[in-house]
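To start, the structure itself, in structure tokens.
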Amino acid sequence: MSSRSKDKVVSTLRKIFKGDNERNGEMFEGKTVDKSAAAASKTVNDSNAESPGKRMRRQEHKIKPQQNGIKTVPDLNIRARRLMKEYKEIQKIQNSKKDPVFTVELINDNLYEWYVRLHIVDPDSKLAKDMVDMHIPFILLHLVFPDNFPFAPPFMRVVEPHIEKGYVMDGGAICMELLTPRGWASAYTVEALLMQFSASLVKGQGRIMKKNRNTKEFTRRGAEEAFRSLVKTHEKYGWVTPSLSDG
Numbered sequence: 307m308s309s310r311s312k313d314k315v316v317s318t319l320r321k322i323f324k325g326d327n328e329r330n331g332e333m334f335e336g337k338t339v340d341k342s343a344a345a346a347s348k349t350v351n352d353s354n355a356e357s358p359g360k361r362m363r364r365q366e367h368k369i370k371p372q373q374n375g376i377k378t379v380p381d382l383n384i385r386a387r388r389l390m391k392e393y394k395e396i397q398k399i400q401n402s403k404k405d406p407v408f409t410v411e412l413i414n415d416n417l418y419e420w421y422v423r424l425h426i427v428d429p430d431s432k433l434a435k436d437m438v439d440m441h442i443p444f445i446l447l448h449l450v451f452p453d454n455f456p457f458a459p460p461f462m463r464v465v466e467p468h469i470e471k472g473y474v475m476d477g478g479a480i481c482m483e484l485l486t487p488r489g490w491a492s493a494y495t496v497e498a499l500l501m502q503f504s505a506s507l508v509k510g511q512g513r514i515m516k517k518n519r520n521t522k523e524f525t526r527r528g529a530e531e532a533f534r535s536l537v538k539t540h541e542k543y544g545w546v547t548p549s550l551s552d553g
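At position 96 of the sequence shown (counting the first as 1) the number is 402 in the numbering used here, and the numbers step up by one without a gap.
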């Protein structure tokens, strides 16, 4: 083979190898770009997802993710401060009077559950006469304050004596719009609630029933069931309760 022929062969082989190298380079470059894009996508997805530790903490504490930064857990300190303030004020009033209208007592030292003894109702009412004739010194009430008090009303029921009419229902439930979320306002105090109840007893011509074999005892469960039922009824047909001026 002449030197000129050899040069042509070498030149041809160089062109072939150069073309192959360029194609391989494009393939490798494409793979590099694809891997880079995949890595970037994974980084974005990982940044949007919760970390395993955060998910675990949510599961352990059963905390739902906050929406728009709004807290849904009630502030229990507000309830405690409000009730402690009201309890001390009522204690101060009842200790300063010889014959207080009502007295309060914590049940098992629980700030969120009270016994209230209503000693005095309208002296001209038949209910007051019943209390004197039957030697009943007070009407015993049971109050339970929910976690979101004072933004929601307490649950209140009559424990004893057995009262008929006077907006007192089965189980000792009390028919008052003030005791519902619709009628309640956070500005209302326990004292105002008790004065409203006292007015309701008289306005509704409440009387004390004499016990007999057919008389059903007032119970918390019965009161809760009766209250839920009457709330549904009144939400449909409306509420009628006396104002404080009527008492």
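Quick reminder that beta carbons are idealized off the backbone N, C-alpha and C, glycines included. None of these values were measured; they are calculated from a predicted model.
Quick check: what's the CA-CA separation for residue i versus residue j?
i	j	result
Phe503	Asp405	19 Å
Ala479	Ile469	10 Å
His441	Val465	17 Å
Leu484	Gly544	13 Å
Thr539	Thr525	21 Å
Gly512	Ala505	10 Å
Gln397	Lys391	10 Å
Gly477	Trp420	18 Å
Glu541	Phe533	12 Å
Val410	Leu507	19 Å
Ile399	Arg385	21 Å
Ile445	Lys435	13 Å
Ala498	Glu530	22 Å
Arg433	Pro467	The sequence shown places Leu at residue 433, rather than the Arg named in the question. Using only the alpha carbons, I get a separation of about 11 Å.
Asn383	Lys522	39 Å
Tyr494	Glu395	14 Å
Met462	Arg387	20 Å
Arg403	Val496	Residue 403 is actually Lys in this sequence, not Arg. Whole-angstrom Cα-Cα distance: 18 Å.
Asp439	Leu389	35 Å
Pro443	Asp453	32 Å
Asn401	Tyr393	12 Å
Ala458	Met482	14 Å
Lys368	Leu449	Reliability fails at Lys368, whose pLDDT of 43 lies under 50, so the model's placement of it is uncertain and the value that follows must be treated cautiously. Answer to the nearest angstrom: the Cα atoms are 30 Å apart.
If contacts are defined as beta-carbon pairs under 8 Å, then residue i and residue j qualify, I think. What distance do you get, rounded to the angstrom?
i	j	result
Leu500	Leu412	With 8 Å as the limit, Leu500 and Leu412 do not qualify as a contact, their Cβ atoms being about 16 Å apart.
Ser492	Pro460	Actually they do not touch by this definition, with Cβ atoms about 12 Å apart.
Val422	Leu447	4 Å
Met475	Leu536	6 Å
Phe451	Tyr473	With a Cβ gap of about 21 Å, Phe451 and Tyr473 do not count as contacting.
Leu471	Gly510	Correcting the residue type first, residue 471 is Lys in the shown sequence and not Leu. The Cβ separation is near 5 Å, so the contact holds.
Going by the DSSP bridge assignment, what does residue i pair with across the sheet?
i	result
Ile514	Ile469
Phe408	Leu424
Could you check whether the Cβ of residue i sits closer than 8 Å to any heavy atom belonging to the ligand GTP?
i	result
Asn401	With respect to the ligand GTP, the structure shown offers nothing to examine, as it has no ligands at all.
Using a Cβ distance threshold of 8 Å, determine whether the region 481 to 496 contacts the region 429 to 443, with at least three qualifying pairs required. no
List in chain order: all unbroken beta strand (DSSP E) runs of 3+ residues lying wholly within the region 454 to 506. 461 to 466
Check whether the region 414 to 422 and the region 505 to 516 touch, using three or more Cβ-Cβ pairs below 8 Å as the test. no
3-residue-minimum beta strand (DSSP E) runs that sit fully inside the region 411 to 455, ordered along the chain: 416 to 424, 445 to 450
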